[in-house]
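Presented below is the structure to which this report refers.
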Amino acid sequence: MNIREQFEKREANFLSPFGCQSAHSRGRMNPEEPCPIRTAFQVDRDRIVYCNAFRRLKHKTQVFLNPLGDEYRTRLTHTLEVSQIARTITRAMFLNEDLAEAIALGHDLGHTPFGHGGEAVLQEIHSPEFRHHKQSLRVVDAIENNGRGLNLTHEVRDGILKHSKGYGKILPDNPDELACTMEGRIVRISDIMAYLNHDLDDAVRSGVVRESQVPEVCVRVIGRTHQERATTMIRDLIFSSRPAGGELKLAMSNEVFGAMTTLRTFLYENVYRSARVHREFIKAKKILSELYAYLLENEAVFEKELTRMGIAGCMDNGQPREQVVCDFIASITDRYALNLYEKIFFPSPTV
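Here full-length UniProt numbering is used: the first residue of the sequence shown is 1, the next is one more, and so on.
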């Protein structure tokens, strides 16, 4: 018995009946020999951590564009916080921590530069169907590894695709919106727990809102500090969830769930749609729109940038040029977009 098989045996003896055992994975799109050391989900986690798209997250906006303060969250630190919350919950519920970690680390790989503002731009100039969770799946399937993809397991790919809820329900009623594993469903909830906490934290730090503006019910029920809020949300989910009808039903108490919903509404109205954030979105929209149009018309420049990004192989996948340009725009970081825009559109000194 090799090391991987010993881990798989341990999972069979340790995990809850509701957990997804790595030995029972539905497999990969392209079959491959299993690793003798790591389980399938451990392999997926490592492939995500070592890929280019994961490293780029450190220079992609969470909420505040190109922040100068060192403590503001980026898309990478958001991802790490989601991963930590998901690991804590799955461990406490005796579910597969490796699977939850892999999904969490990969869930935002398709996020655009300039946060959700960049996503809205691509919906407008490329396709109304563009969504960052779908793009995250494109990244792991068809963009990373120079167009060959990462060949992840079905369970991780499914969790990445179904992690997003936008402004919809935290716990959706539609089964089609739910991941096929409990671990994937927990990542979905962990995502909102993470951003509710850290986006409020950053909004107060930046002066966009004041602590005194936070609804009283949120402070009273889930806490005043980041630590208090995270602890309350995590514990409430763990202790409110129960087996029912042969399934594990993820649930939260009415009080905590209501306070989370109130906090989310507060953030949308006072932070995400605030005049300050919107002003920066207008600037980002101009940059991404003009880059998209320019790269469509200038093939030589575009191919050079694809090579520089290490994704030139995407041109050979038979995708329409508009799709490849969209993939490129979605892949670049905030500073890459700013530098490329300056290089293309700003006059160069001649002396």
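Where a beta carbon is used, it is the ideal one built from N, C-alpha and C, also for glycine.
Bear in mind the structure is a predicted one, so any value in this text is a computation, not a measurement.
Item                                                                                                                                                                                        : Value
Going by DSSP, what residue range makes up the alpha helix (DSSP H) through E124?                                                                                                           : 115 to 125
Would F94 be called buried (16 or more neighbouring beta carbons within 10 Å of its own) or exposed?                                                                                        : exposed
Can you tell me whether Q62 is buried or exposed? The criterion is at least 16 other CB atoms within 10 Å of its CB, across all chains shown.                                               : buried
Who pairs with P243 in a beta bridge, going by DSSP?                                                                                                                                        : L248
For the stretch 134 to 145 against the stretch 110 to 120, are there 3 or more C-beta pairs whose distance is under 8 Å?                                                                    : yes
Less than 8 Å between the beta carbons of M99 and C20, yes or no?                                                                                                                           : Here residue 99 is Leu; the residue named in the question, Met, does not match the sequence. Yes. Within cutoff.
Can you tell me which of the three DSSP states T333 falls into?                                                                                                                             : coil
By Cβ distance below 7 Å, which residues in the same chain neighbour residue 431 in space, the five residues on each side in sequence not counted?                                          : A query on residue 431 cannot be resolved here, the shown segment of the chain reaching from 1 to 351 and no further.
Go through its chain and collect everything with a Cβ distance to D202's Cβ below 7 Å, but skip five positions before and after it.                                                         : V63, F64, Y72, R73
Please go through the same chain and pick out, in chain order, the residues whose beta-carbon is closer than 6 Å to the beta-carbon of Y251, but skip the five residues on each side of it. : According to the sequence shown, residue 251 is Ala rather than Tyr. Same-chain partners within the cutoff: S240, S241.
With respect to the alpha helix (DSSP H) encompassing K60, which residues constitute its N-terminal and C-terminal limits?                                                                  : Where K60 is concerned, there is no enclosing alpha helix (DSSP H), given that its DSSP letter is neither H nor E.
Since K9 is in the alpha helix (DSSP H), which residue starts that stretch and which ends it?                                                                                               : 3 to 14
Is the stretch 291 to 306 touching the stretch 13 to 29, taking contact as three or more C-beta pairs under 8 Å?                                                                            : no
Quick one: what's got a C-beta closer than 7 Å to T90's C-beta in the same chain, skipping five residues either side?                                                                       : N96, E97, A100, E183, I186
How far does the alpha helix (DSSP H) with Y292 in it extend, from its first residue to its last?                                                                                           : 275 to 297
Helix or strand or just coil, what does DSSP make of T153?                                                                                                                                  : strand
Does the distance from the CB of N130 to the CB of V214 come in under 8 Å?                                                                                                                  : Before going on, a small fix: residue 130 reads as Phe here, not Asn. In this structure, V214 does not lie closer than 8 Å to F130 by Cβ.
Could you tell me how far apart the beta carbons of R48 and R4 are, in whole angstroms, since I believe they sit closer than 8 Å?                                                           : Reading the sequence as shown, one finds Ile at residue 48 and not Arg. In fact, because the Cβ distance is near 18 Å, the residues do not count as touching under 8 Å.
Taking 7 Å as the limit between beta carbons, can you name the residues of its chain near R87, skipping five residues before and five after?                                                : E97, A100, E101
For the candidate residues T153, M193, L200, whose alpha-carbon lies nearest to that of T181?                                                                                               : T153
What did DSSP end up calling T181 once you bin it into helix, strand or coil?                                                                                                               : coil
Roughly how many angstroms separate the alpha carbons of T231 and I85, rounded to a whole number?                                                                                           : 10 Å
Where does K283 land, buried or exposed, given buried means 16+ other C-beta within 10 angstroms?                                                                                           : exposed
Look at the alpha carbon of L200 and the alpha carbon of M233, and state the distance between them as a whole number of angstroms.                                                          : 15 Å
Taking DSSP as the reference, what is the three-state secondary structure of T112?                                                                                                          : coil
Please work out which residues of its chain come closer than 8 Å, Cβ to Cβ, to N146, disregarding the five sequence neighbours upstream and downstream, and give them in chain order.       : G310, I311, A312, G313, C314
Round the Cβ separation of L105 and L196 to the nearest angstrom and send it over; I've been treating them as touching at under 8 Å.                                                        : Not confirmed; about 20 Å, so no contact.
The alpha helix (DSSP H) with C218 in it runs from where to where?                                                                                                                          : 216 to 222
Run the CB neighbour count on V139, radius 10 Å, all protein chains shown included, and call it buried at 16 or more, exposed below.                                                        : buried
Thinking C-alpha only, which one of A194, E155, H198 is nearest L178?                                                                                                                       : E155
How should V217 be labelled, buried or exposed, when 16 other C-beta atoms within 10 angstroms of its C-beta is the threshold for buried?                                                   : exposed
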